[in-house]
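For the sequence shown, my numbering begins at 646 and goes up steadily by one. Even glycine gets a Cβ: it sits at the ideal position worked out from N, Cα and C. Please read all numbers here as calculations on a predicted model, not as lab measurements.
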Amino acid sequence: MTQFSILVVDDEPDNFDVIETLLADRDYELHYASSGSNAIASLDTYHPDLILLDVMMPEIDGIETCQRIKADPTWRSIPVVMVTALTSKKDLSRCLAAGADDFISKPVGRLELTARVRSMLRIRQQYQQLQSFNAQLEVTVRQRTAQLQIAIEQDPLTHLPSRSRLLRHILDALALDEAPCALICLDLDRFKFVNGSFGYAMGNELLVAIARRLQHLVPPGDSLARMGGDEFCFLIHRVERLALVEDFVRMLQASFETPFRVADCDIYVSASMGVALSTESDRQAETMLQDADTAMYRAKLQGKGSYQVFDRHMHVEMLDRLTLENDLQRGLERQEFLPYFQPIIHLNSRQIAGFEALARWQHPDQGLVSPGRFIPCLETTGAIVPVGIQILERACRQLAEWHRQGADTLTMSVNLSTRQFSSPTLLADIDRVLADTSVNPARLKLEITESAIMDNAEAAIALTKDIRSRNIQISIDDFGTGYSSLGYLHHFPVDILKIDRSFLSLNHSGERPYGVVDTIVSLSKQLRLAVVAEGIETSDQFDWLRQLGCEFGQGYLFSKPLPASEIESSFLHSELVL
């Protein structure tokens, strides 16, 4: 246990002897000062834990001595007990006003002295413990602050500079009156599929491997940062010509042609990139970063492995895109998406066999919005899944109503987008729609594109079997454009093939479509599948398809897609005659 140090200040040495005798049974280290000035001078030597200070002393009395001690930040925490024969309230108030912590009356008695000393030393010990705690806390705060600063400045996974640090570097670069600098934002394509397939731990290892490879490509004096997620950013100083930056971008693209080795696996990934120059960004760091990000997002819309250089028109386009996405979300909530119906004609009898339900958007301000404008946005945002289910439900409800009106032989074809086909809730959504609408599932046809099937052929086979088990027919839409499903076709429980309109337009233009349509029709007959030709616009196309033996067709020759009310008034109960 630490031995306490006590400084006794009294101009009478005998008084020190008395105190020493009274405290003899305590393990205290006692020191003596004969005056106030000596006491102050000895503080550095003795470092007392307690001062017993006589009030009545020559030169500097105890009151002034106490004031001087308490005025010094180094010593003000030392408890001071005034030892005095003065007993008036005024005198005692002066002692306390000078900063004294307590007082003892003369003549000093053992019991009072021991109690006062023990109490003051306990307070001193508590104060020292508090000081020690505060010192440790201050060290901890400094350490945590340093760690936080590192976390702010450095990406914890790749140890590359963070977004915050990159912004500071951009500011420094913009502050220099030199040639323009460039930002290259790089975002991995379909990285979420890596996480979904291999797990997040593997995904993190891949990010580290990518960071290492990119670090080797950083030009001297330039920098690379990780912006978070799967996005990285290069800051290139002193850009003399845009062509040099584009050369560097192409080198980056080429670096992704070699797979990344992670956990004994070769993983291929590509990246989309956006480029912004400081001359286009009003020399603001955040603006420049936003421009590069805008260009990168534009590159992603063009397809994986692309890059774009920012220009001013992109801001307008991105604003329009954001407005469209917001309007689409509101349209989904307000159920502004509705089916239009295009007749599907039995080519021999020229009668309506059924309809294809096509999504249309009745915007409250813009009217009917072109599908070519909003469908790609639905696909990109993923809103195509809930919108597709809304269209399916409305189409089934309409078909059930037409059946109740007596047209019970009509069929309804509804498209399933690639995203819908891969949705984990697809079967549950279909079951809910069938239950809610009471439609005859045998009259329902779900159209799936070749690309949706071939993304994962084995899973697609299992899913189409589940759909067929509900007595729903399956149609392969745009058949012949992918050429990839021919080898798998006999494995799929498919009922219908739809010939893509592009093959008919070739024939109409005077070119031979290389026998693709003939082959598809022949193939469908061999597999006992129905075949539907899309995009019939002329009588020549109609006659040619009939001669080939194509059973069904649809197109503007017969009718454009129409709302249900016009379908009922124009086609539902009449025979189509060309």
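{"Query": "Range of the contiguous beta strand (DSSP E) that encloses Met872", "Result": "Ser868 to Gly873"}
{"Query": "Residues bridged to Leu828 [DSSP beta-bridge criterion]", "Result": "Leu880 and Ala921"}
{"Query": "Residues that DSSP places opposite Trp1006 in a beta bridge", "Result": "Phe982 and Val1014"}
{"Query": "Top-ranked residue by Cα proximity to Ser1215, from His991, Ala686, Ile696 and Ile997", "Result": "Ile997"}
{"Query": "For Gly681, the residue or residues it bridges with in DSSP", "Result": "The partner list for Gly681 (beta bridge, DSSP) is empty, contrary to what the question assumes."}
{"Query": "Beta-carbon gap between Val726 and Arg769 smaller than 7 Å", "Result": "no"}
{"Query": "Neighbour-count burial assignment, Lys1205, 16 or more Cβ in a 10 Å radius", "Result": "exposed"}
{"Query": "Cβ-Cβ distance between Leu608 and Gly1180 below 7 Å", "Result": "Nothing about residue 608 can be read from this structure; the chain reaches only from 646 to 1223."}
{"Query": "C-alpha gap between Asn660 and Glu783, whole angstroms", "Result": "43 Å"}
{"Query": "Identified DSSP bridge partners for Asp699", "Result": "Val728"}
{"Query": "Whole-angstrom distance between Leu869 and Ile1020, CA atom to CA atom", "Result": "36 Å"}
{"Query": "Alpha-carbon to alpha-carbon, Leu977 and Pro988", "Result": "26 Å"}
{"Query": "Endpoints, beta strand (DSSP E) assigned at Phe649", "Result": "Phe649 to Val654"}
{"Query": "Closest by C-alpha distance to Phe982, when choosing among Ile1212, Ala1040 and Ala899", "Result": "Ala1040"}
{"Query": "Touch test, the stretch 822 to 831 against the stretch 874 to 884, Cβ-Cβ under 8 Å, three pairs minimum", "Result": "yes"}
{"Query": "Of the listed residues Val894, Ile1119, Leu1071 and Asn683, nearest to Asp1140 (C-alpha basis)", "Result": "Ile1119"}
{"Query": "Touch test, the stretch 1066 to 1076 against the stretch 1001 to 1018, Cβ-Cβ under 8 Å, three pairs minimum", "Result": "no"}
{"Query": "Gln1065 versus Ala1052, Glu1103, Ser809 and Thr1026, residue with shortest Cα-Cα distance", "Result": "Thr1026"}
{"Query": "Val663 versus Val753, Ala745 and Ala824, residue with shortest Cα-Cα distance", "Result": "Val753"}
{"Query": "Sufficient close CB pairs (3 or more, under 8 Å) joining the stretch 683 to 703 to the stretch 716 to 723", "Result": "yes"}
{"Query": "Cβ contact (3+ pairs, closer than 8 Å) linking the stretch 999 to 1008 and the stretch 950 to 957", "Result": "no"}
{"Query": "Contacts around Gln1043, its chain only, beta-carbon distance under 6 Å, and the 5 residues preceding and following it disregarded", "Result": "Ala1209"}
{"Query": "Cβ separation of Ala818 and His882, assumed to be a contact under 8 Å, to the nearest whole Å", "Result": "6 Å"}
{"Query": "Secondary structure of Pro658, DSSP reduced to three states", "Result": "helix"}
{"Query": "Runs of alpha helix (DSSP H) wholly within the stretch 1026 to 1079 (minimum 4 residues, chain order)", "Result": "1029 to 1049 and 1063 to 1066"}
{"Query": "Own chain partners of Glu1092 with C-beta closer than 6 Å, once the 5 adjacent residues on each side are dropped", "Result": "Ser1058, Asn1060, Ser1120 and Asp1122"}
{"Query": "DSSP state of Tyr913 mapped onto helix, strand, coil", "Result": "coil"}
{"Query": "Any 3 or more C-beta pairs closer than 8 Å across the stretch 732 to 752 and the stretch 709 to 716", "Result": "yes"}
{"Query": "Closest by C-alpha distance to Leu695, when choosing among Arg835, Ser1184, Ala684 and Gly1198", "Result": "Ala684"}
{"Query": "Residues bridged to Pro988 (per DSSP)", "Result": "Phe1000"}
{"Query": "CA-to-CA distance, Leu862 to Gly873, given in whole angstroms", "Result": "20 Å"}
{"Query": "Per DSSP, cross-strand counterpart(s) of His861", "Result": "Beta-bridge pairing links His861 to no other residue."}
{"Query": "Residue interval of the alpha helix (DSSP H) (run including Gln953)", "Result": "Note, Gln953: premise wrong, no alpha helix (DSSP H); beta strand (DSSP E) at Tyr952 to Val954."}
{"Query": "Identity of the residue in Val907, Phe1124 and Arg858 nearest Glu850 by Cα", "Result": "Val907"}
{"Query": "Bounding residues of the beta strand (DSSP E) (the contiguous stretch that carries Arg906)", "Result": "Phe905 to Val907"}
{"Query": "Alpha helix (DSSP H) runs wholly inside the stretch 1157 to 1194, at least 4 long, in chain order", "Result": "1161 to 1171 and 1184 to 1193"}
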